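Residues in the sequence shown are numbered from 1 upward in steps of one, following the UniProt record's numbering.
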Amino acid sequence: MSKPIQMSKKPSKFDEAVETVGSPLEVARVGLAPNYFTTRRTRTLSTTARIDDAELVSGTVSAFSRTKGHGFLNSDEDGKQEFFHVSDVVSQIVPKEGDVVKYRVIPIPPKYEKYQAVQVTIMNEEKLLTEGRTTWSSENDSKGAAGTPVTPPPTPN
């Protein structure tokens with residue numbers, strides 16, 4: 001029987017060229033999304049009432065991926081990490097690592113053992129807009145009417 005091959009982990013040119021900030025890989029290093037969570041569209045009236053009763057918490061965005069549609073926040077009070085879904089971002093600005101936010105925390109069904117941040121609001125939004133931060137609409141402007149990337153015209157024969 002042959003011996004296993006030992007492979008050294010040498011940095012490659014590919015590793016240096018890949019930008020991982022905000023990528024799904026970078027978000028996965030921060031944490032994994034729960035198996036079950038509720039989006040804003042699928043919440044029941046009782047869950048919505050529970051949100052209204054929840055305390056407003058301050059924190060910062062530790063990671064966010066538009067590709068995966070979720071990210072993580074760190075609480076300023078206890079440093080606890082919370083998951084959030086893109087549908088819970090109440091802002092024109094796309095969240096970015098280091099953004100200061102206010103949010104509420106609710107338990108996630110079915111067992112209500114894990115928690116999720118909802119009503120995530122980015123603070124100093126006007127200031128960030130004047131600094132030229134990416135907005136949801138500016139990202140969509142680069143796409144066609146159907147929300148698909150704009151393609152070049154066909155090549156003439």
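Glycine is no exception: its CB is placed at the ideal position from the N, C-alpha and C atoms.
Remember, predicted model here, so these are calculated numbers, not experimental data.
Checklist entry - Applying the criterion that 16 or more other CB atoms from any shown protein chain within 10 Å of the CB defines a buried residue, is phenylalanine 14 buried or exposed? => result Summary for phenylalanine 14: the model assigns pLDDT 44, below 50, so the residue's position carries little reliability; its value from the coordinates is reported in the next sentence. Phenylalanine 14 should be labelled exposed.
Checklist entry - Nearest CA to the CA of serine 65: which residue from Leu73, Gly59 and Ile106? => result Leu73
Next on the checklist: If distances are taken between C-alpha atoms only, which option among Phe84, Asp53, Glu77 and Lys68 comes closest to isoleucine 122?
Outcome noted: Phe84
Checklist entry - Which value, in whole angstroms, describes the spacing of the CA atoms of leucine 128 and lysine 3? => result 57 Å
Checklist entry - Thinking C-alpha only, which one of Lys111, Val94, Lys102 and Thr67 is nearest alanine 117? => result Lys102
Checklist entry - Considering only C-alpha positions, which residue in the set Val105, Ser91, Glu113 and Lys96 is nearest to aspartate 53? => result Val105
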